[in-house]
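Protein chains in written order, with my numbering: chain L, 18 to 233; chain V, 18 to 233.
For reference, the structure discussed in these notes is given below.
There are 2 protein chains.
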Amino acid sequence: MKAIISLSGGMDSAVVLAEALAAERQVEAVGFFYGSHHNSYENKAAEAVAKHYGVPFRLIDLSGVMAGFKSNLLDGEVPEGHYEDASMSKTVVPGRNIIFASIVTGLAWSREAGEVWLGIHSGDHAIYPDCRPGFFWAMKRAVEEGADGRVTLVAPFLMNSKGHIVRRGLELGVPFGLTRTCYKPQQKPCGKCGSCTERLEAFASNGVEDPVEYGK
Amino acid sequence: MKAIISLSGGMDSAVVLAEALAAERQVEAVGFFYGSHHNSYENKAAEAVAKHYGVPFRLIDLSGVMAGFKSNLLDGEVPEGHYEDASMSKTVVPGRNIIFASIVTGLAWSREAGEVWLGIHSGDHAIYPDCRPGFFWAMKRAVEEGADGRVTLVAPFLMNSKGHIVRRGLELGVPFGLTRTCYKPQQKPCGKCGSCTERLEAFASNGVEDPVEYGK
Chain L
18 MKAIISLSGG
28 MDSAVVLAEA
38 LAAERQVEAV
48 GFFYGSHHNS
58 YENKAAEAVA
68 KHYGVPFRLI
78 DLSGVMAGFK
88 SNLLDGEVPE
98 GHYEDASMSK
108 TVVPGRNIIF
118 ASIVTGLAWS
128 REAGEVWLGI
138 HSGDHAIYPD
148 CRPGFFWAMK
158 RAVEEGADGR
168 VTLVAPFLMN
178 SKGHIVRRGL
188 ELGVPFGLTR
198 TCYKPQQKPC
208 GKCGSCTERL
218 EAFASNGVED
228 PVEYGK
Chain V
18 MKAIISLSGG
28 MDSAVVLAEA
38 LAAERQVEAV
48 GFFYGSHHNS
58 YENKAAEAVA
68 KHYGVPFRLI
78 DLSGVMAGFK
88 SNLLDGEVPE
98 GHYEDASMSK
108 TVVPGRNIIF
118 ASIVTGLAWS
128 REAGEVWLGI
138 HSGDHAIYPD
148 CRPGFFWAMK
158 RAVEEGADGR
168 VTLVAPFLMN
178 SKGHIVRRGL
188 ELGVPFGLTR
198 TCYKPQQKPC
208 GKCGSCTERL
218 EAFASNGVED
228 PVEYGK
């Protein structure tokens, strides 16, 4: 079975890639540039992870498509703190995962891949409606109907925490040092934005140090 | 209520636009260039229809995103005959409507528009899985979940024939002469491809002549 992974460059989708390979899928990876501050750093990380696994990687430019979409992640200040904080809702990019899932579905259909694997998880549920189970199950159905059964969606960590994903990634030997989670547009991740905070806590909950080097 | 119409340049979405205005929606229109032979003719028609109604029109370029998608509409011969014919299934563009609906959802969310109106109809059901009721209802649910209730999908002609759409368009005074239905990459529509055939039959079923001038 061929599977396409939406590979963000962050740690979650890297573990999803490893999980798909462990499940003996023939994997291709796709990343999206959608014009956010931190996005080009993420894309480079995604490419490095794909290269590590010897998996083809295609980068799709959505910056024109998403020009004018309202989000602090695209054109404002990136807030610090926890995902659950109200301020973090400013980092929502309208329809981002709906759009990603749709495009990867069309690509999977064209490439005769029957599955699209996504890295959404329970830590995303509070802030991002298009990462919640209600969205996922409806979208999975829409994809199956719209692609006439040729493609389906898989989200192995839909109900799992980021701590669980770190643990599974350690088991699978995921090169976490290559991944990039930070929302800030700087070379070294900040360690303070909501995204970094959640990541550091996920490593801490496993009693393991994050191999990524953080800036000041 | 603000609504965004996915305006292809064909007759169906032009009638949908008129229907949304009749329902007192504040309308904006979006078209997509996805790299097909006939697509630039369609886009010009969409722009002309939007201009006729004094509605803002935005064209989104998906040609890079959909490069490599497998379809005769993108890189092969366009078959002649009826939509129902097996050969017409070659004109399916993988995931096209899933992708269009998703992007317009993100745009609607950003523009604070609560509705996305689509021109899918019963004549599309045989060939295009992402125009069928099963897809529409699942996708509508996915959009509502993914946008946390901010956006929904509307398809006024989901269960209606193209003949019905022509009749409704005549009632609403839709400028059918500005619309473009043909799948062939030529200035004047061919009158022979599946798309033209269905259109001509829809006008004939109303005892009305199509105002568009057909080539040889």
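The C-beta atom is built at its ideal place from N, Cα and C for all residues, glycine as well.
This structure is a prediction, so every number in the text was calculated from the model and none was measured.
Residue i - DSSP class collapsed to helix/strand/coil
| i | result |
| --- | --- |
| residue 169 of chain V | strand |
| residue 78 of chain L | strand |
| residue 213 of chain L | helix |
| residue 229 of chain L | coil |
| residue 107 of chain V | helix |
| residue 94 of chain L | coil |
| residue 61 of chain L | helix |
| residue 84 of chain V | coil |
| residue 179 of chain V | helix |
| residue 119 of chain V | helix |
| residue 19 of chain V | strand |
| residue 224 of chain V | coil |
| residue 66 of chain L | helix |
| residue 187 of chain L | helix |
| residue 197 of chain V | coil |
Residue i at chain V interface by Cβ criterion, 9 angstroms
| i | result |
| --- | --- |
| residue 135 of chain L | no |
| residue 64 of chain L | no |
| residue 79 of chain L | yes |
| residue 18 of chain L | no |
| residue 127 of chain L | yes |
| residue 102 of chain L | no |
| residue 73 of chain L | no |
| residue 161 of chain L | yes |
| residue 174 of chain L | no |
| residue 156 of chain L | yes |
| residue 151 of chain L | yes |
| residue 107 of chain L | no |
| residue 35 of chain L | no |
| residue 143 of chain L | no |
Contact with chain L by residue i, beta-carbon distance below 9 angstroms
| i | result |
| --- | --- |
| residue 2 of chain V | As shown, chain V starts at 18 and ends at 233. That puts residue 2 of chain V outside it, with no answer to give. |
| residue 119 of chain V | yes |
| residue 60 of chain V | no |
| residue 147 of chain V | yes |
| residue 115 of chain V | yes |
| residue 44 of chain V | no |
| residue 168 of chain V | yes |
| residue 193 of chain V | no |
| residue 111 of chain V | yes |
| residue 67 of chain V | no |
| residue 86 of chain V | yes |
| residue 165 of chain V | yes |
Buried or exposed (CB count within 10 angstroms, at least 16 for buried), residue i
| i | result |
| --- | --- |
| residue 73 of chain V | exposed |
| residue 219 of chain L | buried |
| residue 230 of chain L | exposed |
| residue 36 of chain V | buried |
| residue 80 of chain V | exposed |
| residue 179 of chain V | buried |
| residue 236 of chain V | Outside the modelled stretch of chain V, which goes from 18 to 233, sits residue 236 of chain V, for which no answer is possible. |
| residue 47 of chain L | buried |
| residue 155 of chain V | buried |
| residue 84 of chain L | exposed |
| residue 194 of chain V | exposed |
| residue 163 of chain L | buried |
| residue 45 of chain V | buried |
| residue 157 of chain V | buried |
| residue 173 of chain V | buried |
Cβ-based neighbour list, residue i, same chain, cut-off 8 angstroms, excluding 5 preceding and 5 following
| i | result |
| --- | --- |
| residue 39 of chain L | 189 |
| residue 166 of chain L | none |
7 angstroms Cβ shell around residue i - same chain, five flanking residues per side excluded
| i | result |
| --- | --- |
| residue 203 of chain L | 232 |
| residue 197 of chain V | 26, 27, 58, 59, 62 and 206 |
| residue 177 of chain V | 138 and 139 |
| residue 129 of chain L | 19 |
| residue 120 of chain V | 77 |
| residue 86 of chain V | 110 and 111 |
| residue 226 of chain V | 220 |
Residue-level contact to chain A via CB, residue i, 9 angstroms cutoff
| i | result |
| --- | --- |
| residue 83 of chain L | Absent here is chain A; the protein component of the structure consists of chains L and V. |
Beta-carbon proximity list for residue i, same chain, < 6 angstroms, skipping 5 on both sides
| i | result |
| --- | --- |
| residue 125 of chain V | 21, 133 and 168 |
| residue 216 of chain V | 198 |
| residue 171 of chain V | 132 and 134 |
| residue 42 of chain L | 18 and 20 |
| residue 149 of chain V | 142 |
| residue 200 of chain L | 55, 95, 210 and 212 |
Residue i beta carbon near the ligand PLP (any heavy atom closer than 8 angstroms)
| i | result |
| --- | --- |
| residue 139 of chain V | In terms of ligand content, the structure shown is empty, and the ligand PLP therefore cannot be addressed. |
Every unbroken beta strand (DSSP E) within the stretch 121-170 of chain L, with a cutoff of 3 residues, ordered by chain: 132-134
Ordered list of beta strand (DSSP E) runs contained in the stretch 28-57 of chain L, each at least 3 residues: 43-50
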